[in-house]
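J.:
2 protein chains.
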Amino acid sequence: MIDSEYKMVIVTRDDLKLSIGKLAAQVAHAAVECTLIAKKEKSKWFREWFNQGAKKAVVKTDVLDDFSIYKKRADKLSIPAVIIIDAGHTEIAPGTQTVLGIGPAPTNLIDQVTGSLSLL
Amino acid sequence: MIDSEYKMVIVTRDDLKLSIGKLAAQVAHAAVECTLIAKKEKSKWFREWFNQGAKKAVVKTDVLDDFSIYKKRADKLSIPAVIIIDAGHTEIAPGTQTVLGIGPAPTNLIDQVTGSLSLL
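So the sequence lines, in the order shown, correspond to chains L and F.
Sequential numbering of the first sequence, starting at 1, is according to my numbering.
Sequential numbering of the second sequence, starting at 1001, is according to my numbering.
#1: Would you say Lys7 (chain L) faces chain F, with C-beta separation under 8 Å as the test?
#2: What does Gly53 (chain L) touch in chain F if you count any residue whose Cβ is under 8 Å from its own?
#3: Check whether the Cβ of Ile102 (chain L) lies closer than 8 Å to any Cβ atom in chain F.
#4: Hey, would you say Gly1021 (chain F) sits closer than 8 Å to Val58 (chain L), going by beta carbons?
#5: Step through the CB atoms of chain F and report whether any lies within less than 8 Å of the CB of Ile10 (chain L).
#6: Given a cut-off of 8 Å on the beta-carbon distance, is the pair Pro104 (chain L) and Ala38 (chain L) in contact?
#7: Taking just the CA atoms, how far does Glu41 (chain L) sit from Met1 (chain L)?
#8: Since Ile84 (chain L) meets chain F, which of its residues come closer than 7 Å, beta carbon to beta carbon?
#9: Which class does Val63 (chain L) belong to by DSSP, given the choice of helix, strand or coil?
#10: Does the distance from the CB of Phe67 (chain L) to the CB of Val32 (chain L) come in under 8 Å?
#11: Which residues, in chain order, does the stretch 1010-1027 of chain F contribute to contact with chain L at a C-beta distance below 9 Å?
#12: Starting from the Cα of Ile1110 (chain F), find the closest Cα among F:Glu1091, F:Leu1064, F:Thr1061 and F:Lys1071 and give me that residue.
#13: Can Ala25 (chain L) and Lys1060 (chain F) be called in contact, C-beta distance under 8 Å?
#14: Checking contacts by CB at 8 Å: is Lys1056 (chain F) closer than that to chain L?
#15: With DSSP as the reference, identify every bridge partner of Pro106 (chain L), one or two as the case may be.
#16: Where are the beta strand (DSSP E) runs, 3 residues long or more, that stay fully inside the stretch 30-78 of chain L, in chain order?
#17: With 8 Å as the threshold, decide whether the Cβ of Thr1061 (chain F) is near any Cβ in chain L.
#18: Any Cβ of chain L within less than 8 Å of the Cβ of Thr1114 (chain F)?
Set out below in structure tokens:
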């Protein structure tokens, strides 16, 4: 039997045109939230993913509606998923959805959710 | 008495010229590592920081040597600090130090370490 590979995917919005620092911070918010959820609720997935090097893929979409679609798909597969909403102190309006974190989860499972998105 | 504000700081390297996606993933690696260390070893700081919204500041340096200098300063103040070393499958050579995560910690303490660095 071949052990699964695990990864986390963070979906960014191509339309927002955030600064690099702001974007990186948003991606980090999602990664931290998903990690904490997985540690609590999906401890086996969390351990496997972390021991494999905690792979993270940052991808992009230009359709904001994708966030809720992908989140629903992740929920159905019991994959941790978090939409980050920015407080909007800088750059963007309060309440803006900036990134969507999904996983960690087995790669073959998470690819059913975001496999069509290309890397940022 | 006024409660402390908490933040995490992630230091990036201006000289590396990573793609945005690669940079964001490295920042996320550091944020996750620091979060897990703090959760385990600095649970009060972790809780305060997380409950305040888990603030993260992404800053930059153009001097790689800064990483070890800042890490030593953080160690002396018992602030979680992790240097991320990339496996180098893409873009950069294996073993490259890409980012340095520091914190979470009280803002007045962490500013003693990285207060001179500007936002990315």
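Glycine included, C-beta positions come from ideal geometry on N, C-alpha and C.
Just so it is clear, the structure is predicted and the values come from calculations on it, not from any experiment.
T.: Reading off the structure:
#1: Counting from 1 along the first sequence, the entry for residue 7 (chain L) is found at position 7. Taking 8 Å as the CB threshold, Lys7 (chain L) stays off the interface with chain F.
#2: Within the first sequence, numbered from 1, the residue matching residue 53 (chain L) stands at position 53. Around Gly53 (chain L), the beta-carbon contacts reaching into chain F at under 8 Å are Ala1087.
#3: The sequence position of residue 102 (chain L) within the first sequence is 102, counting from 1. No, no contact with chain F.
#4: Here residue 1021 (chain F) refers to the residue found at position 21 when the second sequence is read from its first residue. Here residue 58 (chain L) refers to the residue found at position 58 when the first sequence is read from its first residue. Contact flag set, yes.
#5: Locating residue 10 (chain L) in the first sequence gives position 10, counting from the first residue. For Ile10 (chain L), the nearest CB of chain F lies under 8 Å from its own CB, placing it at the interface with that chain.
#6: Looking up residue 104 (chain L) in the first sequence gives position 104. Looking up residue 38 (chain L) in the first sequence gives position 38. At a Cβ-Cβ threshold of 8 Å, Pro104 (chain L) and Ala38 (chain L) count as neighbours.
#7: Here the question's residue 1 (chain L) lines up with position 1 in the first sequence. Here the question's residue 41 (chain L) lines up with position 41 in the first sequence. Note that Met1 (chain L) scores 45 on pLDDT, short of 50, meaning its location in the model is unreliable; the coordinates nonetheless yield the value given after this. Distance between the alpha carbons of Met1 (chain L) and Glu41 (chain L) is about 25 Å.
#8: Against the first sequence, residue 84 (chain L) aligns to sequence position 84. Within chain F, no residue comes near Ile84 (chain L); the closest Cβ sits about 10 Å away, beyond 7 Å.
#9: Stepping through the first sequence from its first residue, residue 63 (chain L) is reached at position 63. Coil, per DSSP.
#10: Counting from 1 along the first sequence, the entry for residue 67 (chain L) is found at position 67. Counting from 1 along the first sequence, the entry for residue 32 (chain L) is found at position 32. No, Cβ-Cβ distance for Phe67 (chain L) and Val32 (chain L) is not below 8 Å.
#11: For the stretch 1010-1027 of chain F, the residues whose beta carbon sits under 9 Å from a beta carbon of chain L are, in order, Ile1010, Thr1012, Ser1019, Ile1020, Gly1021, Lys1022, Leu1023, Ala1024, Ala1025, Gln1026 and Val1027.
#12: Counting from 1 along the second sequence, the entry for residue 1110 (chain F) is found at position 110. Per the Cα distances, F:Lys1071.
#13: Taking the first residue of the first sequence as 1, we reach residue 25 (chain L) at position 25. Taking the first residue of the second sequence as 1, we reach residue 1060 (chain F) at position 60. Between Ala25 (chain L) and Lys1060 (chain F), the C-beta spacing is not below 8 Å.
#14: On the second sequence, position 56 is the one that residue 1056 (chain F) refers to. Chain L contact via Cβ: present.
#15: Looking up residue 106 (chain L) in the first sequence gives position 106. Secondary-structure assignment with DSSP links Pro106 (chain L) through a beta bridge to L:Tyr6.
#16: Contiguous beta strand (DSSP E) elements confined to the stretch 30-78 of chain L occur at 56-61, taking only those with 3 or more residues.
#17: Position 61 of the second sequence, counted from the first residue, corresponds to residue 1061 (chain F). Chain L, which has no Cβ nearer than 8 Å to the Cβ of Thr1061 (chain F), makes this no.
#18: By 1-based counting over the second sequence, the position of residue 1114 (chain F) is 114. By the rule that beta-carbons nearer than 8 Å mark a contact, Thr1114 (chain F) does not touch chain L.
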